[in-house]
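Chemist: Here it is, the structure in full.
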Amino acid sequence: MALEIKVTFTPPPTRVYQVRVYYRSADQTTYRFRPLSPQENAWIALIPAEEVRGPRLQYFISAAVENDLVLTYPALNPYNRPEDILITAPTSKPAVLVEEKPPAKPVETKPAEKPKPQTAPLPEITLHQARPDTTPTKQPAAEETIAAESGEPASPITILSPSDAETLAPDEVAIAVSLISGDAEVEQKSVRLWLDGAEITTLAESSPSLITYTPKELKPGPHKLVVQARSAGGSPLPQSLVRFTVESKTAVKAAEKALQVHLFADGRTEQVLDESQSLLIGGADFTGAYKSLLYEGNLYLTSMEDRNKQPANRFYLTLHNKWIGVAAGDIHPMYNDLILWGRRVRGFSGYLHLGFLNVDLVSGSLTRAVNGSRSADSTSRSYGTYQQNLIGIRPSIGSGKTFQFGLTLVKVKDDTQSIRIGSMPKDNLVMGPDLKLSFDRGRIQVEARGALSLLTEDISPGAVTADEIEKALNLEEDLPIDPESLADYFIVNESTLPLNPLEKTSMAYNASVKLDYLSNLLQVGYKSIGASYRSLANAWLRTNLQGWYFNDRLRFFDNKVYATFGYEDLLDNFSRQNSNPSISLKTFNYSVTLYPGQDLPQLTLGLRDQRRDNGVEKVQTAYLYDGEKTDTLVIDDRDQQTYRDISAQVSQNLSLFNLPHTVSLSYISTRNIDEYKNSRPAGDIGRELNTGVFMINVNTQFTTPLKTNLSFASNRNSGPLSAGNLDYLMFGGGVEYGLYQDRLTLLADLRRMQMTFTGPGDNGFGRTHFRLGATWQIAPRHTIVVDGNLINLSSDSVDSYTDKIIRIRYDRYF
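Here the sequence shown is numbered in our numbering, starting from 1 and rising by one per residue.
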């Protein structure tokens, strides 16, 4: 099944421009991403089931918000230190299971209603997957089931799913029991689960905080779940019980035909300095199914759309099932992570997946045509952007469960007729195989990918002849094919990289082996990406890099301790095609996470060391003579540095003054250590940088529908570019109050940031942000959000001023 990603913000920013989840399997070199859509109080995305591949999925969250800020989770170096989701398989058939941080205390809800998303500082991630139903026939004693209905005091055990009186489809039943949400500590090994009178304890997955079980399929009709446990002291705890109903398949199929739609509109007006501007956003997304055919789409429209820029609007429509599918609009195909992997393509795609034989196709444009311009007197010009067209195909054999071999071919070319004023149109051809082998129910996986590229940097002169190529390469034998005759497929001229493919500088490959045994997720791999390798469909891929990598994640003490170890030994600029030296990059990653149990803090410690060494040990001296005098030039190209990142995070739920609080502390230190600091020539500004960030956040829930948030952060920076320190202090608080059974929520927020620079030309800067807003739930699945913002900025060198921002958002779900 698909993996749902849910993200909430604390405190919620005034404006969220975009939220994305970037994810990859641990063996992949690049990330794919999916945008998150706003839904009520959260941002949500679904990662398709076929992309959730074990034994581990790595991810990070990136959000673009107000004031040109980009928030990420994890906060420090998310690209190189992503979060991990552990994925395992049951004994019968491959499936996926998440081993994640213990969930926060759930919101109490009315029967048959889904809980509202909670505000949390970190993304909330859940995953449900069908498991084989092997329920034993043993029946509990009569007194064991009757006690659960006898009106005993409320149990400290919370049944997260299903909800009482909830109605579910046969394949949607997921049992989840929280052991950390009550007032009494629960002895994990004493917990027993009974479903319709049969004990299912031995079939469930258990951790110190959560017990989960998903039956293969339950019969239509009423069902009952009973949970029994003892406290840490051995005394029996009150039982928990829920009743729920499973629909018949006929009713589910009828419901699947119903179209589910989300409409939204967002308007914002702001006055910054003396300039006013407005932004309007609107759109819709929908999903539905008819029998085995699934359909979904989305539409995103914004007033920022400008024909003279790249598209800001987005649209997408797809129809698909297990074997065949088509899609149109803004699509993100993923064929081979060295060639085409998540790049937005505006066009069409389709697939035919028969298991033994599969074909994937895509055709569209990576960029749209934007005309350049020239001045009336032709003294200056601005070059435009060509429409860049792409066509790709990937045939493959094998379903991928135990074996798959594929071959990807992608052609990208600039349309020289799309604009009048442009520069250096390009032609790119990339081809490569990929192989996947899986053994022992996915515990052993071998994957390999390769690619070879040709890129012509400027096709405007046209193709060259065979004689010109032979002369350029000093070939004694004639070429078997005249490049000019291939111009309809690929244009070859003096700007083609590489001009001689036999040099192998445009070759890329990556191979890895993954093992999942004895509570270890181990991966070893080797990759090499040539200096001349270019794929315009994956332009952000780092080239001229080769080396091996290793990482392992271990679990100890009933999943209460997680330890991660990683090492990379890479060589940058390994081809030495220029005069620059090769750079050795050795990176060590260590992290330990502790989940000791209820009433104890959760702790994460991380350390990352990257050692950079270009092998240059001497300072060079050059003498420049201009005919009258000689100048001495000292050249210090030595580069031997250690980049050290240290992070520590601790969070604790506690009760103070009879109120529940959540306190979190974080410390992040980043330091660049220059090994040649003491021997740099006079006047060298140095290369060391030091940054330290400390953060504290306190959330409190009062007995009344009142929530508060207090936060403080300090950021100290020192480095060679200044003679002093650059320090930031940030503090603030917010309140949220619910009225009319939380149908109306009022909020107020006040934040202050102060920057101080201690050095030549002392200067300070301050920012005060006040926010006032409300969320009104007109009816279920029908909300309006309004907020206003006053942002005052003050400085020692300029007059202070106040920006004003007003925003209103409307969401409607059908």
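Note that CB positions come from ideal geometry on N, CA and C, so glycine has one too.
Since the model is a prediction, treat every value here as computed from it, not as a measurement.
#1: I'd like the ranges of any beta strand (DSSP E) spanning at least 3 consecutive residues and lying wholly in the segment 420–450.
#2: Looking at the unbroken alpha helix (DSSP H) that takes in D467, where does it start and where does it end?
#3: Using only the alpha-carbon positions, how far apart do L541 and P78 sit?
#4: Taking only three categories from DSSP, how would you classify S532?
#5: By a C-beta neighbour count over all protein chains shown, 10 Å radius and 16 as the cutoff for buried, is A327 buried or exposed?
#6: Report the partner residues of P162 according to the DSSP bridge assignment.
#7: Where D815 and I339 are concerned, what is the direct C-alpha to C-alpha distance, given to the nearest angstrom?
#8: Would I469 and P480 be called neighbours here (beta carbons separated by less than 8 angstroms)?
#9: I'd like the ranges of any beta strand (DSSP E) spanning at least 3 consecutive residues and lying wholly in the segment 350–386.
#10: Which one of R807, L793 and A779 has the shortest CA to CA distance from V785?
#11: To the nearest angstrom, how far is it from the Cα of E51 to the Cα of L522?
#12: I'd like to check one pair, Y17 with Y59: are the Cβ atoms closer than 8 angstroms?
#13: For L352 and S373, what's the separation of their Cα atoms in angstroms?
#14: Just verifying my parser: in three-state terms, what is the DSSP assignment at P170?
#15: At 3 residues or longer, and completely inside the segment 308–351: list those beta strand (DSSP E) runs for me, N to C.
#16: Please determine, among P236, F765, V246 and G233, the residue with the shortest C-alpha to C-alpha distance to L218.
#17: Tell me, to the nearest whole angstrom, how far the beta carbon of F264 is from that of Y810; I am working on the premise that it is less than 8 angstroms.
#18: What's the C-alpha gap between V464 and S495?
#19: Would DSSP call T201 helix, strand or coil?
#20: If you draw a straight line from the alpha carbon of D337 to that of D434, how long is it in whole angstroms?
#21: Taking Cβ to Cβ, would you say L361 is nearer than 8 angstroms to G350?
#22: Please identify the residue among G221, R687 and Q228 whose C-alpha is closest to the C-alpha of L179.
#23: Determine, using beta carbons only, whether A844 and L299 come nearer to each other than 8 angstroms.
#24: On the DSSP bridge list, what partners appear for Q754?
#25: Give the DSSP-derived three-state secondary structure of Q577 in the structure shown.
#26: Quick check on the burial criterion: 16 or more other C-beta atoms within 10 angstroms. Buried or exposed for M507?
#27: M695 bridges to which residues according to DSSP?
#28: What residue range is occupied by the uninterrupted beta strand (DSSP E) comprising R32?
#29: Would the beta-carbon of D749 fall within 8 angstroms of that of G764?
#30: Does A232 pass the burial test, meaning 16 or more other C-beta atoms within 10 Å, or should it be called exposed?
#31: For Y549, report the span of its beta strand (DSSP E) as first-last.
#32: Given a cut-off of 8 angstroms, decide if S423 and Q387 are closer than it, judged by their beta-carbon atoms.
#33: List the residues that DSSP assigns as beta-bridge partners of N653.
#34: Just the Cα atoms here: how many angstroms apart are L665 and F694?
#35: Note down, in chain order, each residue of its chain lying with its Cβ closer than 7 angstroms to the Cβ of T703, except the 5 sequence neighbours on either side.
Modeler: Let me spell this out:
#1: Runs of the beta strand (DSSP E) inside the segment 420–450: 427–439.
#2: Counting from 1 along the sequence shown, the entry for residue 467 is found at position 467. Boundaries of the alpha helix (DSSP H) harbouring D467: A466 to L473, taken from the DSSP string.
#3: The residue you call residue 541 lines up with position 541 of the sequence shown. The residue you call residue 78 lines up with position 78 of the sequence shown. Their backbone Cα atoms lie some 17 angstroms apart in a straight line.
#4: Counting from one through the sequence shown, the residue named residue 532 turns up at place 532. Coil at S532, not helix or strand.
#5: Reading the sequence shown from its first residue, position 327 is the one you call residue 327. The residue in question, A327, is buried, as its Cβ has 16 or more Cβ neighbours within 10 Å.
#6: Taking the first residue of the sequence shown as position 1, residue 162 is located at position 162. The bridge partners DSSP lists for P162 come to none.
#7: Outside the shown range of the chain, which is 1 to 814, sits residue 815, and nothing can be said about it.
#8: As a working note, residue 469 is residue 469 in the sequence shown. As a working note, residue 480 is residue 480 in the sequence shown. Cβ distance not < 8 angstroms, so I469 and P480 don't count as in contact.
#9: You should have 358–367.
#10: Counting from one through the sequence shown, the residue named residue 785 turns up at place 785. Ranked by Cα distance from V785, the options R807, L793 and A779 are led by R807.
#11: As a working note, residue 51 is residue 51 in the sequence shown. As a working note, residue 522 is residue 522 in the sequence shown. It is roughly 20 angstroms from the alpha-carbon of E51 to the alpha-carbon of L522.
#12: Position 59 of the sequence shown, counting from 1, holds the residue named residue 59. Position 17 of the sequence shown, counting from 1, holds the residue named residue 17. Going by C-beta atoms, Y59 is not nearer than 8 angstroms to Y17.
#13: As a working mapping, residue 352 is identified with position 352 in the sequence shown. As a working mapping, residue 373 is identified with position 373 in the sequence shown. Their Cα atoms are separated by approximately 44 angstroms.
#14: Taking the first residue of the sequence shown as 1, we reach residue 170 at position 170. For P170, the three-state secondary structure derived from DSSP is helix.
#15: Listed in chain order, they are 314–320, 324–331 and 334–336.
#16: As a first step, residue 218 must be located in the sequence shown, where it is residue number 218. The shortest C-alpha separation from L218 is found at V246.
#17: Along the sequence shown, read from residue 1 onward, the residue named residue 264 stands at position 264. Along the sequence shown, read from residue 1 onward, the residue named residue 810 stands at position 810. Correct: roughly 7 angstroms between the Cβ atoms.
#18: Here residue 464 corresponds to residue number 464 of the sequence shown, with the count starting at 1. Here residue 495 corresponds to residue number 495 of the sequence shown, with the count starting at 1. For V464 and S495, the distance between alpha carbons rounds to 10 angstroms.
#19: Counting from one through the sequence shown, the residue named residue 201 turns up at place 201. T201: helix per DSSP, three-state reduction.
#20: Residue mapping note: residue 337 aligns to position 337 of the sequence shown, counting from 1. Residue mapping note: residue 434 aligns to position 434 of the sequence shown, counting from 1. Each residue's alpha carbon lies about 10 angstroms from the other.
#21: Working through the sequence shown from its first residue, we reach residue 361 at position 361. Working through the sequence shown from its first residue, we reach residue 350 at position 350. With respect to the 8 angstroms criterion, L361 and G350 are classified as neighbours on the basis of their beta carbons.
#22: Walking along the sequence shown from the start, residue 179 turns up at place 179. Selected option, being the one with the closest Cα: Q228.
#23: The displayed coordinates of the chain run from 1 to 814. Any statement about residue 844 would go beyond what the structure contains.
#24: Here residue 754 refers to the residue found at position 754 when the sequence shown is read from its first residue. In DSSP, Q754 forms a bridge with L729 and G766.
#25: Counting from 1 along the sequence shown, the entry for residue 577 is found at position 577. In the structure shown, Q577 sits in coil (DSSP, three-state: anything other than H, G, I, E or B).
#26: In the sequence shown, the residue the question calls residue 507 occupies position 507. Label assigned to M507: buried.
#27: To locate residue 695, count along the sequence shown from 1; it is residue 695. S666 and A713, per the DSSP bridge assignment.
#28: To locate residue 32, count along the sequence shown from 1; it is residue 32. If you look at R32, you'll find it in the beta strand (DSSP E) that goes R32 to P35.
#29: Residue 749 sits at position 749 when you count from the first residue of the sequence shown. Residue 764 sits at position 764 when you count from the first residue of the sequence shown. In this structure, D749 sits away from G764, with a CB-CB distance that is not shorter than 8 angstroms.
#30: For the purposes of this step, residue 232 is identified with residue 232 of the sequence shown, where counting begins at 1. So A232 ends up on the exposed side.
#31: Position 549 of the sequence shown, counted from the start, is the residue given in the question as residue 549. Segment L545 to F556, the beta strand (DSSP E) holding Y549.
#32: Here residue 387 refers to the residue found at position 387 when the sequence shown is read from its first residue. Here residue 423 refers to the residue found at position 423 when the sequence shown is read from its first residue. No, they are not a contact pair.
#33: Residue numbering aside, residue 653 sits at position 653 when the sequence shown is read from its first letter. T662, per the DSSP bridge assignment.
#34: Here residue 665 corresponds to residue number 665 of the sequence shown, with the count starting at 1. Here residue 694 corresponds to residue number 694 of the sequence shown, with the count starting at 1. Rounded to whole angstroms, L665 to F694 spans 8 angstroms at the Cα level.
#35: In the sequence shown, the residue the question calls residue 703 occupies position 703. Taking T703 as the centre and dropping the five residues before and after it, the same chain places no C-beta closer than 7 angstroms to its C-beta.
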